[in-house]
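First the structure, in the form of structure tokens, and then the observations on it.
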Amino acid sequence: RAASSNGHEAIVKLLLDNGANVNAQTEFSSALCAASDKGHEAIVKLLLDNGADINAQTAWSNALCAASRSGHEAIVKLLLDN
Numbered sequence: 189r190a191a192s193s194n195g196h197e198a199i200v201k202l203l204l205d206n207g208a209n210v211n212a213q214t215e216f217s218s219a220l221c222a223a224s225d226k227g228h229e230a231i232v233k234l235l236l237d238n239g240a241d242i243n244a245q246t247a248w249s250n251a252l253c254a255a256s257r258s259g260h261e262a263i264v265k266l267l268l269d270n
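Heads up, the sequence shown is in our numbering, so the first residue is 189 and it goes up one at a time.
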């Protein structure tokens with residue numbers, strides 16, 4: 189989640205390539221929620237391409253709500269298209 193939240197696309201890819209659980213959650217969020225909230229469109233796409241669950245509900249939110257709340261229209265569209 190930290191790499192996704194901070195926009196570290198290469199690290200997210202490295203983690204996924206080495207078997208990281210794309211749907212893992214911390215106490216409050218997931219990688220997809222964090223990237224959606226912060227506006228990291230390339231990371232959102234990478235996570236989706238690797239099977240991230242768009243409908244996963246975390247204690248904090250879900251990806252669509254996070255992107256909508258933060259005003260990231262392109263990510264909202266990307267999520268709705270998947």
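We put the beta carbon where it would ideally sit given N, CA and C, even for glycine.
Small disclaimer: the values here were computed from a predicted structure and weren't measured.
Ser256 - DSSP class collapsed to helix/strand/coil: For this step, residue 256 is matched to residue 68 along the sequence shown. Helix, per DSSP.
Among Lys201, Asn206, Ala191, Leu268, nearest to Asn250 - alpha-carbon criterion: In the sequence shown, counting from the first residue as 1, residue 250 sits at position 62. Answer by Cα proximity: Leu268.
Proximal residues to Gln213 (C-beta, below 6 Å), its chain only, five neighbours per side dropped: Position 25 of the sequence shown, counted from the start, is the residue given in the question as residue 213. Cβ within range, chain order: Thr246.
Cβ pair Leu234, Val264 closer than 8 Å: If you number the sequence shown from 1, residue 234 lands on position 46. If you number the sequence shown from 1, residue 264 lands on position 76. Not a contact, by the Cβ cut-off of 8 Å.
Candidates Ala230, Ala222, Ala244, Asp237: closest to Ser258 by CA position: As a working mapping, residue 258 is identified with position 70 in the sequence shown. The shortest C-alpha separation from Ser258 is found at Ala222.
Presumed contact (8 Å Cβ cut-off) between Glu197 and Ala230, rounded CB distance: Numbered from its first residue, the sequence shown carries residue 197 at position 9. Numbered from its first residue, the sequence shown carries residue 230 at position 42. Indeed they touch by this definition, with Cβ atoms about 5 Å apart.
Cross-strand partners of Ser218 (DSSP beta bridge): On the sequence shown, residue 218 is found 30 positions in, with the first residue counted as 1. In DSSP, Ser218 forms a bridge with Gln213.
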